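Residue numbers (this note's numbering): 924 to 1194.
And the structure:
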């Protein structure tokens, strides 16, 4: 994947050069001593490449990353929830990633409290926070908090990793295939609980309820029937991930149009 910049305002300069890397001269706002209390927020649908962009930025500037994905905040199911791996993190500190107990509720209010603490600690170390994740409702809650805890102290720079839906469908399909190769089904099987409540905690993750029927019935099926049922479950995972991506894209458009957020758009295209 490579990134090409399409700015929301024609007069703005792109943040990435033609090769798809961050322009150091145009990202000076990430250097804390030049402009204080800046927070970067990376928005985008599932599969658009938000985590990859955050690491690209973090490898060039003094930043730390704060996860804003409500499911990835929970411990466990690292493959099913597509958490960025330790190798992919490249030694960059990540906050609120895999820290919440699997069965616990992690509300938008909980996220705001935890994210503010993380942001303050990052700033205290002289670094710039980069908030990245798909849960746009959490980001909205943080920024529009009625107590103005965020707005009174921090200034936002929004980066929006955008792509056409038909391209995103391809991204999502390939991502799920890679997750299967990495052991998604085996991980979900080890986590399977026939008495689980799929409305709580990490049990809501796409990939858990879709495999429920397969895990309940696979021992009664022959190899051919089992393979067919698994294929159907994986296809359902892809479809539900695409639906989630579309809902998140609609949310971003609403934040831009109704909340008047100044989003610096980036078109993500396959390399």
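Note that beta-carbon positions come from the ideal geometry of N, C-alpha and C, so glycine has one too.
Quick caveat, the model's predicted, so the values are computed rather than measured.
Straight-line Cα distance separating residue j from residue i
i            : j            : result
residue 1050 : residue 1139 : 48 Å
residue 1179 : residue 1081 : 10 Å
residue 960  : residue 1036 : 17 Å
residue 1205 : residue 1046 : Because the chain here runs from 924 to 1194, residue 1205 falls outside it and cannot be looked at.
residue 998  : residue 1073 : 26 Å
residue 965  : residue 1145 : 46 Å
residue 1117 : residue 1087 : 38 Å
residue 1038 : residue 1020 : 11 Å
residue 1160 : residue 963  : 31 Å
residue 1031 : residue 1005 : 21 Å
residue 1177 : residue 969  : 17 Å
residue 1181 : residue 1016 : 33 Å
residue 1188 : residue 1143 : 50 Å
residue 1128 : residue 975  : 21 Å
residue 979  : residue 1104 : 25 Å
residue 1008 : residue 1043 : 25 Å
residue 1190 : residue 1094 : 13 Å
Three-way DSSP call (helix, strand, coil) for residue i in this model
i            : result
residue 1117 : coil
residue 1124 : helix
residue 1035 : helix
residue 947  : Caution is warranted here: a pLDDT of 49 is assigned to residue 947, below 50, making its placement in the model unreliable, and no coordinate value can be reported.
residue 1019 : coil
residue 1163 : helix
residue 1053 : strand
residue 1082 : strand
residue 1190 : strand
residue 990  : strand
Of the listed residues the options, nearest to residue i (C-alpha basis)
i            : options                   : result
residue 1063 : 1188, 1183, 1190 and 1189 : 1183
residue 1024 : 973, 1133, 1101 and 994   : 994
residue 1113 : 1130, 1098, 1101 and 1122 : 1130
residue 1174 : 1104, 1095, 1060 and 979  : 1060
residue 1126 : 991, 1034 and 1027        : 1027
residue 1137 : 1008, 1154, 1122 and 1172 : 1154
residue 1011 : 1022, 1093, 992 and 973   : 973
residue 981  : 1104, 1071 and 1014       : 1014
Supposed contact pair residue j and residue i - C-beta distance, whole angstroms, cut 8 Å
i            : j            : result
residue 1124 : residue 1002 : Not confirmed; about 17 Å, so no contact.
residue 1108 : residue 1054 : Not confirmed; about 31 Å, so no contact.
residue 971  : residue 1084 : 4 Å
residue 992  : residue 1056 : 4 Å
residue 1092 : residue 1165 : 5 Å
Unbroken stretches of the beta strand (DSSP E), 3 residues or longer, contained in the segment 955 to 988: Runs found: 961 to 967.
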